[in-house]
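For reference, the structure discussed in these notes is given below.
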Amino acid sequence: TQMVDRGQFYHLQCGADHHGPQERGGGGAEYGMIRYHVQNAGRYEAVHGGKVGLERSHVDNGRRGIIEADGWGSQVEFEHDHVENAGSIEADTGGEISFYASHVENDYSGAIEADGKGAKIDFVRGGIANRGFVGASRGGSILFDKSWVNNERSGEIEAGGKGSTVTLKHDHVENSGEIEASRGGEV
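The letter at position 24 of the sequence shown is residue 186 when you use our numbering, and the numbering goes up by one with no holes.
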């Protein structure tokens with residue numbers, strides 16, 4: 163588990179491959195990776211207000227890989243990255259994940275989910291090719307802003323549950339899959 167908590171700062175030098183799982187954290191950390199090739203089969207987690215930042219990196223989140231922002235103030239930020247997800251990318255109960263100017267490929271087995279009150283995932287000025295699941299549940303929210311969204315035939319984008327929202331704002335959307343609101347969610 164790569165766990166990042168409030169307080170300390172962890173920064174990795176450029177240019178190396180980084181394979182999960184690994185442990186680091188404590189007392190409120192920030193963990194940054196710039197120009198990395200990350201192959202994750204474990205867990206990268208920001209908790210208790212911790213922050214994980216990836217910039218100009220290539221991220222392969224494998225089927226067993228989990229990248230998570232768990233709890234209020236916890237953040238995972240992707241900036242100018244290429245993300246291939248076959249595992250799980252999750253914002254839970256107040257956690258936030260942002261993809262800024264990043265290209266995301268969400269595979270058939272991939273799930274990107276904002277689950278719980280205040281959980282938030284933003285795609286801004288980037289793009290996603292979705293063959294898996296992207297969803298907001300139990301009060302979570304997903305925002306696509308000034309991005310391209312290619313929801314392929316097997317892709318599902320859903321706002322499920324009261325207070326859950328998926329917002330498409332100034333986007334280019336190609337949909338061959340399913341975009342839906344259920345159980346009081348809004349798209």
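Don't be surprised by glycine CBs; every beta carbon is placed ideally from N, CA and C.
Bridge-paired residues (DSSP) for residue i
i, result
"H334", "W310"
"S260", "E239, D284"
"S299", "D277, G322"
"G289", "H265, W310"
"V328", "I304"
Inter-residue CB distance, residue i and residue j (contact presumed, cutoff 8 Å)
i, j, result
"N268", "V296", "6 Å"
"V221", "V245", "5 Å"
"G272", "A248", "5 Å"
"R293", "E314", "5 Å"
"A298", "E258", "About 13 Å separates the two Cβ atoms, so there is no contact after all."
"D333", "S316", "Going by Cβ atoms, the distance from D333 to S316 rounds to 20 Å, so no, they are not a contact pair."
"G301", "K279", "4 Å"
Boundaries of the beta strand (DSSP E) in which residue i is found, first to last residue
i, result
"D269", "Premise fails: D269 is in no beta strand (DSSP E) and is neither H nor E."
"V221", "220-223"
"A208", "205-209"
"V245", "244-247"
"V200", "199-202"
"E318", "318-322"
"S344", "340-344"
"E230", "228-232"
"S250", "250-254"
Cβ-heavy atom distance, residue i to the ligand SAM, below 7 Å
i, result
"I319", "This structure does not include the ligand SAM; it has no bound ligands of any sort."
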